[in-house]
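Trainee:
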Amino acid sequence: MAQPPARRQPISFSSQYSPLSTDGRRQAYSLQHILRSKRVRYALAAGAILGFIFVLGQTFAVLHTWSPLHDDIQPLPHRRPHHRPPDQDLPSPADNVDWSRFAYSQYATNSAYLCNTLMIFEALHRMGSKAARLLMYPSAMVPDPAGDSNSRLLAKARDSYGVHLVPIAVQHRGGGDPTWSDSYTKLLAFNQTQYARVLALDSDATLLQPMDELFLLPPAPAALPRAYWLGGTGPQVLTTALLLATPSRAEFQRVADAIAGAKGGEFDMEIVNRLYGRDALVLPHRRYALLTGEFRIADPQGHGAYLGNTYEEWDPDAALREAKFLHFSDWPMPKPWINAPQATVLDVQPKCHIGIGGGEEDCRAREMWLGFYADFKRRRADICGGLGMRRRRLKNPWRLLRFDSTDGSGDSDESFSRMFSSSHNVYSFPHPRIAIIGGGPAGLILLLTLHRRGVRATLYEREPSIDSRAHLGGMLDLGHGSGQRALRENGLGPAFAEHSRPEADAFRICDPDGNVLVSKDAEQNADLDPLDVRPEIDRAVLRRIMIDAAPQDSIKWGYALASVRDLDAGTGERELTFANGHTAAVDILVGADGANSHVRPLVSPATPIYHGVSGAEITVLPSAAKKPELAEGVALVGAGSMYAMGRGQTFMAQLNGDGRTRIYMFFATPEGWTMPDDGKEAQKVLLEKYQGWAPAMRSLVEHCDEGAMYMRPLYHLPIGHKWKHVDGVTLVGDAAHLMSPFAGAGVNLAMLDALELGIVLADAVNGGKSVAEREAAVARCEEERLEAAKEFAEIANANLQASIGPDAPASAIKALGEFFEAPERRRKA
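All letters in the sequence shown, in the order written, are residues 1 to 829 by UniProt numbering.
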């Protein structure tokens, strides 16, 4: 910058100096004069430029390490174990991106690696990646659908997966294992100047999710993850298992010169680190460079290098959900396309460990690791027809990976195959955006079922928090093959056993005068088939158990669905708008939002029909139940439930686990009947309606909590309600088949709906099925579940009429007797 002329006096902000005026006298400068001075303007301009350079330098430093996703990021307050920043930290692909400018690159030097590349390309094709695909292959091979195995695989890559084939000369240097000496070939990606960017991937890996977002990163000659497993305190080392290259003649010349001058022991990774170690964009290794070997670290505290910090806990499931690229590295275990001796598998497989504080042995990492290898072999056989498998082609790839939690002895092929084929072997497939509306038992079971099988979903609940309506809802008796099964299959069997009360299954049926006509004590459960024992659990407790088991941030509280808009009729993509103003785009929408479902109109015009019966729910607090005047009423209810019927009315009371006595009073009345808002007045109305009933029952009403009295009109959907399947939308529970509570089946049907639908969706997603195949499976599930619900809707309607009809309680006892005498039917819900 030019300097001010020397003859001019320097500017000073000291009051001791002031320039001369035109007449030679000193004059004081105002601030305005000072700021208008050229010297000051020069100084300010220089300062601004230096400030800009400083900010630019800081920005470049941030981009250089991609700091929002850097693995050394400092802990946030109250962060739960193994939680990473959300995907919105990544660049978001725009709709107007010219994806033909970008390509995923693979190279094959022999038949085995050729098959591996097809597995990566198949995954990209199936997952809907938008970028082009490029395969560099030895020029001696010729693509030909009628040729030898290599020719057929090349043709399949081109014709089935849209791969651009580029014949090349394999870049081989030195001797030894071709895995290393042929690895220079990968660096030919820098010569593919027909593309703006090329993402070169090692093929001894499983692609878990597309990585199109990487093509949109800030400019850099290369972008790679850190080789986190090397550790150490020296300069970071980058891994070339995943290399985002910016092709150009100049860069390729640098690479070619480096290959030509490579010394012994220098391969692709060493060359890239030497050329780009200081200039590369560093990608987060947790997403783009997860090693299978990480799952073999025996010490749960030994994952610091992977986690990149000291405050997170290792969680193998969370690690896999976070990753997009899984690289096989388990020396001395051979690569997954090579058949390993059983002794090697047993020796190398992850060890089970006892969690901190004791408890059951945790073998989850072992299960997952074995699943990675089994999944690779299965997909390899499916895609390549078993070509390239060394030593022998397996009829049953599971035989390589026997699993035994003790000493590995014995034949466990069948149990191991069943274990992974149903739930664990799911890690290489894309996940559609699934929204579940409603956080009742059905919605929560669906969320858990999907989560347990590796499929992400988000549940939207209109209530602001879990505690908003925790005081509502009575006991639920869960069937062994329905509600209990849904819990067992989601790992909640022990929690249910802990919190449920088998003794609450006791009941008494009375007439309006309080005479006990039929009774069943808890002791009688000992004589029952275990399949017929239905322990009771408070609705609030059941809900809490399931919410506690749900993944972090999978439940959105305070999200009441306001509207749904179609985005793509062909795929079922829709935009949800919530009352709080938030929106979400989804591929699969599940209505688990009860009687007044906001999702139901998307598939059916049906609306709830009034039963002609309404009533009230009231509560006697534990403190009130201790009063002497309630002793007879409390004794009548006992440890379980009491049902009284007659005179066109019912009076049903149950003892909840928290000590409350919850009472439901139903009677025939025109639609629109209401109770006074004032609790005392409402109490009078109910006592008047039950005039002449047993004093023991009336005493419970007289001492109920006047601040907790709720209207309970009964509605139902048409018996046999069904709809023509609509792609991308379905219903479960009351949203699909609302019925009265007089069959005790509603929650069991809802939980079983959710379990079955979750299994169907998980199988479709994890099995790589097309949208059409997935929707056909959902349609079959809908048909089966609606048919099952129809039977219980008929029973519920018959029981309701028998309970409030003129012949009650005799008619009700007869109907209930027929129901209980058909255990096979009752076990369905």
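We treat Cβ as the ideally placed atom computed from N, Cα and C, and that holds for glycine.
I'd like the list of long-range same chain contacts for A196, defined as Cβ closer than 6 Å, with 5 residues on each side in sequence excluded.
Mentor: Locating residue 196 in the sequence shown gives position 196, where the first residue counts as 1. Only R101 meet the Cβ criterion.
Trainee: Counting Cβ pairs closer than 8 Å, one from the region 724–743 and one from the region 579–595, do we hit at least three?
Mentor: Yes: the two stretches touch, three or more of their Cβ pairs being nearer than 8 Å.
Trainee: Within the region 710–788, note down every full beta strand (DSSP E) run reaching 3 residues or more, in order along the chain.
Mentor: With a minimum length of 3 residues, the continuous beta strand (DSSP E) runs that stay inside the region 710–788 are 729–731.
Trainee: Using the DSSP secondary-structure output, state which residues sit across from P138 in a beta bridge.
Mentor: In the sequence shown, the residue the question calls residue 138 occupies position 138. According to DSSP, which records beta bridges pairwise, P138 is partnered with I168.
Trainee: Taking the alpha helix (DSSP H) that M368 falls in, what are its first and last residues?
Mentor: In the sequence shown, the residue the question calls residue 368 occupies position 368. That run of the alpha helix (DSSP H) goes R364 to C384.
Trainee: Quick one: give me the first and last residue of the alpha helix (DSSP H) that R152 is part of.
Mentor: By 1-based counting over the sequence shown, the position of residue 152 is 152. Per DSSP, R152 belongs to the alpha helix (DSSP H) from S149 to Y161.
Trainee: So, K556 versus L459, is the Cβ gap smaller than 8 Å?
Mentor: Within the sequence shown, the letter at position 556 stands for residue 556. Within the sequence shown, the letter at position 459 stands for residue 459. Yes, these two residues count as a Cβ contact at 8 Å.
Trainee: For D587 and E575, which I take to be in contact (beta-carbon distance under 8 Å), what is that distance rounded to the nearest angstrom?
Mentor: In the sequence shown, counting from the first residue as 1, residue 587 sits at position 587. In the sequence shown, counting from the first residue as 1, residue 575 sits at position 575. Actually they do not touch by this definition, with Cβ atoms about 11 Å apart.
Trainee: Which of the three DSSP states is assigned to residue 900 in this structure?
Mentor: Since the first and last residues shown for the chain are 1 and 829, residue 900 lies out of range.
Trainee: Under the rule that 16 or more other beta-carbon atoms within 10 Å means buried, what is D71, buried or exposed?
Mentor: By one-based count along the sequence shown, residue 71 stands at place 71. Low confidence applies to D71: its pLDDT is 36, below 50, so where it sits in the model is not reliable, and the reading given next is rough at best. When all chains shown are included, D71 counts as buried.
Trainee: Quick check on C510: does DSSP put it in helix, strand or coil?
Mentor: Looking up residue 510 in the sequence shown gives position 510. In the structure shown, C510 sits in a strand (DSSP, three-state: E or B).
Trainee: Quick check on Y104: buried or exposed, where buried means 16 or more other Cβ atoms within 10 Å of its Cβ?
Mentor: Counting from one through the sequence shown, the residue named residue 104 turns up at place 104. Buried is the call here.
Trainee: What's the C-alpha gap between E632 and M642?
Mentor: The sequence position of residue 632 within the sequence shown is 632, counting from 1. The sequence position of residue 642 within the sequence shown is 642, counting from 1. Each residue's Cα considered, the two are about 13 Å apart.
Trainee: Can you tell me the Cα-Cα spacing of A815 and D513, whole angstroms?
Mentor: The count along the sequence shown starts at 1 and reaches residue 815 at position 815. The count along the sequence shown starts at 1 and reaches residue 513 at position 513. Approximately 21 Å, taken between the alpha carbons.
Trainee: In this structure, does DSSP put Y460 in helix, strand or coil?
Mentor: To locate residue 460, count along the sequence shown from 1; it is residue 460. Note: Y460 maps to strand in three-state DSSP.
Trainee: With a threshold of 6 Å on Cβ separation, who are the neighbours of G652 within its own chain once the five nearest residues in sequence on each side are excluded?
Mentor: For the purposes of this step, residue 652 is taken as the residue at position 652 of the sequence shown. Per the sequence shown, the amino acid found at residue 652 is Met instead of Gly. Only Y643 and Y664 meet the Cβ criterion.
Trainee: Using DSSP's beta-bridge definition, name the partner residues of V564.
Mentor: By one-based count along the sequence shown, residue 564 stands at place 564. Paired residues: L576.
Trainee: Leaving out five residues on either side along the sequence, give the residues of the same chain with a beta carbon under 7 Å from the beta carbon of T240.
Mentor: Position 240 of the sequence shown, counted from the first residue, corresponds to residue 240. K186, L224, D268, M269 and V272.
Trainee: Could you tell me the alpha carbon to alpha carbon distance between V166 and D362, rounded to whole angstroms?
Mentor: Position 166 of the sequence shown, counted from the first residue, corresponds to residue 166. Position 362 of the sequence shown, counted from the first residue, corresponds to residue 362. For V166 and D362, the distance between alpha carbons rounds to 47 Å.
Trainee: With a threshold of 16 other CB atoms inside 10 Å of the CB of P143, please say whether the residue is buried or exposed.
Mentor: Position 143 of the sequence shown, counted from the first residue, corresponds to residue 143. With 16 or more other Cβ atoms within 10 Å, it is buried.
Trainee: Assess contact between the region 758–768 and the region 701–721, defined as three or more Cβ pairs (one per stretch) separated by less than 8 Å. Is contact present?
Mentor: Because the criterion of three Cβ pairs below 8 Å is not met, the region 758–768 and the region 701–721 do not touch.
Trainee: Between I813 and the rest of its own chain, which residues show a CB-CB distance below 8 Å, the 5 nearest in sequence each way excluded?
Mentor: One-based indexing of the sequence shown puts residue 813 at position 813. For I813, where only same-chain residues beyond five positions count, the Cβ hits under 8 Å are I509, L517 and V518.
Trainee: Which residue from L700, R780 and A260 puts its Cα closest to that of K724?
Mentor: As a position in the sequence shown, residue 724 is number 724, starting the count at 1. Checked all of L700, R780 and A260; the closest Cα to K724 is R780.
Trainee: Assuming A506 and G638 are in contact, meaning their beta carbons sit under 8 Å apart, how far apart are those beta carbons, in whole angstroms?
Mentor: Here residue 506 corresponds to residue number 506 of the sequence shown, with the count starting at 1. Here residue 638 corresponds to residue number 638 of the sequence shown, with the count starting at 1. With a Cβ gap of about 6 Å, A506 and G638 count as contacting.
Trainee: Can you tell me whether E498 is helix, strand or coil according to DSSP?
Mentor: The residue you call residue 498 lines up with position 498 of the sequence shown. Helix, per DSSP.
Trainee: From A635 to L655, what distance separates their C-alpha atoms?
Mentor: Taking the first residue of the sequence shown as 1, we reach residue 635 at position 635. Taking the first residue of the sequence shown as 1, we reach residue 655 at position 655. Distance between the alpha carbons of A635 and L655: 11 Å.
Trainee: Can you find the residues in the same chain that come closer than 8 Å, C-beta to C-beta, to E463, ignoring five residues on each side of it along the sequence?
Mentor: One-based indexing of the sequence shown puts residue 463 at position 463. Excluding sequence neighbours, E463 sits near G439, R469, W557 and G558.
Trainee: Alpha carbon to alpha carbon, how far is E251 from L134?
Mentor: Position 251 of the sequence shown, counted from the start, is the residue given in the question as residue 251. Position 134 of the sequence shown, counted from the start, is the residue given in the question as residue 134. Each residue's Cα considered, the two are about 19 Å apart.
Trainee: Could you say which of A227, K335 and L281 lies nearest to G112 if we only look at CA atoms?
Mentor: Numbered from 1 along the sequence shown, position 112 holds the residue referred to as residue 112. It is Ala, not Gly, that sits at residue 112 in the sequence shown. Comparing Cα positions, the closest option is K335.
Trainee: Just the C-alpha distance for A802 and G672, rounded to the nearest angstrom, thanks.
Mentor: Numbered from 1 along the sequence shown, position 802 holds the residue referred to as residue 802. Numbered from 1 along the sequence shown, position 672 holds the residue referred to as residue 672. Rounded to the nearest angstrom, the two C-alpha atoms are 23 Å apart.
Trainee: At what residues does the alpha helix (DSSP H) containing I259 begin and finish?
Mentor: Here the question's residue 259 lines up with position 259 in the sequence shown. It spans R249 to A260 - the alpha helix (DSSP H) in which I259 sits, taken as one unbroken run.
Trainee: If you run the structure through DSSP and keep just helix, strand and coil, what is H353?
Mentor: By 1-based counting over the sequence shown, the position of residue 353 is 353. Residue state, collapsed to three classes: strand.
Trainee: Please report the residue range of the alpha helix (DSSP H) in which Q484 lies.
Mentor: If you number the sequence shown from 1, residue 484 lands on position 484. Looking at the DSSP string, the run of the alpha helix (DSSP H) that includes Q484 is G483 to R488.
Trainee: Restricting to Cα atoms, I'd like to know which of A486, D553, A504 and C384 is closest to S465.
Mentor: Looking up residue 465 in the sequence shown gives position 465. Cα-wise, what sits closest to S465 is D553.
Trainee: Who are the near neighbours of H303 in its chain, counting only those whose CB is closer than 8 Å to its CB and skipping five residues on each side?
Mentor: Your numbering for residue 303 matches position 303 in the sequence shown. So the qualifying residues of the chain are E294, I297 and W314.
Trainee: In its own chain, which residues sit with a C-beta less than 6 Å from the C-beta of L76, not counting the 5 before and 5 after it?
Mentor: Numbered from its first residue, the sequence shown carries residue 76 at position 76. Its pLDDT being 32, under 50, L76 is placed unreliably by the model, and the measurement read from it follows with that caveat. Cβ within range, chain order: n/a, list empty.
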